[in-house]
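Residue numbers for the sequence shown follow full-length UniProt numbering, so the first one is 1 and each next one is one higher.
Some notes on the structure that comes next.
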Amino acid sequence: MLRENKRPNGIVPTLKSFFGSVDHGACVAWKLVEIEDTTGKHPVSRLPLPAGQVREFYDITSKDAFWPNIHSLKERYNHDPLDWPNVRQVN
1 MLRENKRPNG
11 IVPTLKSFFG
21 SVDHGACVAW
31 KLVEIEDTTG
41 KHPVSRLPLP
51 AGQVREFYDI
61 TSKDAFWPNI
71 HSLKERYNHD
81 PLDWPNVRQV
91 N
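Here it is as structure tokens:
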């Protein structure tokens, strides 16, 4: 059983705020787990991606394109190494 992080960072507070305001939703994880926090129990289902696809999507695309935009750091945005067909397939 995973426990709630008392000082979450990154996208976690945004996701918790979103999922706390809707009746249902989906969150991607690497394995099937059940998380329990102050808002209740939540199943998290695994999305089976090959290691290369995970690296491309999370380590490159998210880091170089998505995070700078989410955090209003447009000067750090880099679209050159992005694999948009992979982004579409993952999503």
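Glycine included, each C-beta is placed from N, C-alpha and C at the ideal position.
Just so you know, these numbers come straight off a predicted model, no measurement behind them.
Distance between beta carbons of residue j and residue i, contact taken as under 8 angstroms
i: Val54; j: Val44; result: Contact flag wrong, Cβ pair sits at about 16 angstroms.
i: Gly20; j: Thr39; result: 6 angstroms
Cβ-based burial, residue i [other Cβ within 10 Å; buried from 16]
i: Glu56; result: buried
Rounded separation between residue i and residue j - CA only
i: Pro48; j: His42; result: 19 angstroms
i: Tyr23; j: Ser17; result: As written in the sequence, residue 23 is Asp, which differs from the Tyr given in the question. Each residue's Cα considered, the two are about 12 angstroms apart.
i: Thr61; j: Ser72; result: 16 angstroms
i: Lys63; j: Pro85; result: 17 angstroms
i: Pro50; j: Glu75; result: 31 angstroms
i: Leu82; j: Ile35; result: 32 angstroms
i: Asp59; j: Asp37; result: 28 angstroms
i: Gln89; j: Trp67; result: 19 angstroms
i: Asn91; j: Ala65; result: 15 angstroms
Extent of the continuous alpha helix (DSSP H) run through residue i
i: Asn91; result: That residue, Asn91, is in no alpha helix (DSSP H); it is neither H nor E in DSSP.
Discussion item. Please give the ranges of any alpha helix (DSSP H) in the region 35-66, keeping only runs that are unbroken, at least 4 residues long and fully inside the region.
Written reply: Runs of the alpha helix (DSSP H) inside the region 35-66: 51-54.
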